[in-house]
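Enquirer:
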Amino acid sequence: MPANEKKHFRSVGVNTRIRQTDKASSPVKLPKAKHKITVKVISPVKSESVSSSANTNSYDSISSIEEHLKVPSMGRRNSTEYLCEKKSRFYLGLPEHVYQVVKFIVEVEKIHHVDVLITLKKIGTDDVYARLADDFEMSVTYIHNIFTRSIPIIAGALQELIFWPSSIEIKKRLPIPFRVHYKNVVSIIDCLEIEIEKPSNPIYQAMTWSDYKKCNTLKFLISSTPDDMITFISGAFGGRASDTEIISQSNFLNELPNACAVMADRGFKQIDFMLAKKNFLVRPPSVEEGQIL
Numbered sequence: 001m002p003a004n005e006k007k008h009f010r011s012v013g014v015n016t017r018i019r020q021t022d023k024a025s026s027p028v029k030l031p032k033a034k035h036k037i038t039v040k041v042i043s044p045v046k047s048e049s050v051s052s053s054a055n056t057n058s059y060d061s062i063s064s065i066e067e068h069l070k071v072p073s074m075g076r077r078n079s080t081e082y083l084c085e086k087k088s089r090f091y092l093g094l095p096e097h098v099y100q101v102v103k104f105i106v107e108v109e110k111i112h113h114v115d116v117l118i119t120l121k122k123i124g125t126d127d128v129y130a131r132l133a134d135d136f137e138m139s140v141t142y143i144h145n146i147f148t149r150s151i152p153i154i155a156g157a158l159q160e161l162i163f164w165p166s167s168i169e170i171k172k173r174l175p176i177p178f179r180v181h182y183k184n185v186v187s188i189i190d191c192l193e194i195e196i197e198k199p200s201n202p203i204y205q206a207m208t209w210s211d212y213k214k215c216n217t218l219k220f221l222i223s224s225t226p227d228d229m230i231t232f233i234s235g236a237f238g239g240r241a242s243d244t245e246i247i248s249q250s251n252f253l254n255e256l257p258n259a260c261a262v263m264a265d266r267g268f269k270q271i272d273f274m275l276a277k278k279n280f281l282v283r284p285p286s287v288e289e290g291q292i293l
């Protein structure tokens with residue numbers, strides 16, 4: 001063996017193999033502990049022991065709990081009526097400052113206010129009859145009957161609130177973007193399509209079929225002032241009816257004031273000649289999605 005060559009060998013530490021197993025992962029069952037750990041509650045926590053800052057910032061404080069329990073303590077039906085009045089935008093789709101419309105309908109049509117709330121809640125939230133029945137503590141069949149008979153009554157009452165203001169009043173409330181180029185516009189028209197169930201009659205199926213929506217619909221012509229006041233709602237037309245037919249048959253032209261402008265998008269075809277007698281048509285400029293006119 002050369003003098004500078006070292007002998008290869010393994011150290012003692014390497015040769016030693018230490019085997020150990022963690023008790024937590026050991027398959028060997030450990031003996032049960034002889035002494036059980038018990039916890040004894042000396043005294044309940046008193047409200048006086050809580051600091052004043054904790055009482056102020058705690059979400060589940062006694063005052064907050066009492067406040068949350070005010071509405072349920074009325075009973076489910078009474079609490080539903082209470083919430084419909086206090087949060088009418090959320091439950092009925094009516095802003096709080098126009099909740100008086102409910103009282104107007106009740107006074108004019110002599111209908112029970114609960115019937116009005118049920119109908120408006122169904123329209124505003126599209127809630128199922130079963131949940132409405134639970135909220136108002138009635139049967140599902142009775143809720144359905146209330147909704148069916150109340151729709152034409154409420155529609156007749158609200159029809160009185162749709163009218164044409166004078167051209168002077170419209171110009172007073174004209175939005176600033178309209179005052180330069182569209183100061184003569186008194187009406188903005190559009191057609192609203194509502195999907196309906198497929199009629200069983202084949203003739204009605206054809207009359208209500210909409211190529212645009214690809215389903216059976218009813219169409220309504222709606223006119224509003226530039227400041228969003230509804231001034232005209234036509235009767236229902238089948239989805240197959242064109243915009244030109246709806247305008248000519250809906251009595252809209254007779255309701256228009258003289259020498260005014262009507263704004264309609266390019267979806268309304270061949271209506272210029274209808275307005276040429278005493279009014280004129282204005283097309284809104286083309287804008288990209290999300291762009292403000």
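Numbering-wise, the sequence shown is residues 1 to 293 according to full-length UniProt numbering. Even for Gly, the Cβ is constructed at its ideal location relative to N, Cα and C. Treat the numbers as computed from the prediction; the structure is a model and nothing was measured.
Per DSSP, residue 191 is paired with what?
Expert: 221, per the DSSP bridge assignment.
Enquirer: Can you look up residue 210 in the DSSP assignment and give me helix, strand or coil?
Expert: Three-state DSSP puts residue 210 in a strand.
Enquirer: When we look at the beta-carbon of residue 86 and count the other beta-carbons within 10 Å, is it buried (16 or more) or exposed?
Expert: exposed
Enquirer: Between the beta-carbon of residue 261 and the beta-carbon of residue 280, is there less than 8 Å?
Expert: yes
Enquirer: What does the alpha-carbon distance come out to for the pair residue 268 and residue 243?
Expert: 6 Å
Enquirer: Please classify residue 142: is it buried, with 16 or more other beta-carbons within 10 angstroms of its beta-carbon, or exposed?
Expert: Counting Cβ neighbours within 10 Å, residue 142 comes out exposed, since fewer than 16 surround it.
Enquirer: Whose C-beta lies closer than 7 Å to the C-beta of residue 224 among residues of the same chain, with five residues either side of it excluded?
Expert: 188, 230, 231
Enquirer: Under the DSSP definition of a beta bridge, which residues are partnered with residue 261?
Expert: 185, 280
Enquirer: Note down, in chain order, each residue of its chain lying with its Cβ closer than 7 Å to the Cβ of residue 122, except the 5 sequence neighbours on either side.
Expert: 132, 147
Enquirer: Quick one: residues in its chain with C-beta nearer than 6 Å to the C-beta of residue 278, no 5 flanking neighbours on either side, listed in chain order?
Expert: Closer than 6 Å at Cβ, skipping near neighbours: 258.
Enquirer: Taking the alpha carbon of residue 204 as the point to measure from, which residue in 238, 145, 191, 221 has its own alpha carbon closest?
Expert: When each option's Cα is compared against that of residue 204, the closest is 238.
Enquirer: Would you list the residues sitting across from residue 271 in a DSSP beta bridge?
Expert: Paired residues: none, contrary to the question.
Enquirer: Does DSSP put residue 55 in a helix, a strand or coil?
Expert: In this prediction, residue 55 scores a pLDDT of 47, lower than 50, which makes its location untrustworthy; no coordinate-derived value is stated.
Enquirer: Between the alpha carbons of residue 165 and residue 255, how many angstroms are there, rounded?
Expert: 11 Å
Enquirer: Report yes if the CB atom of residue 89 is closer than 8 Å to the CB atom of residue 81, and no otherwise.
Expert: no
Enquirer: Quick one: Cα of residue 129 to Cα of residue 140, how far?
Expert: 6 Å
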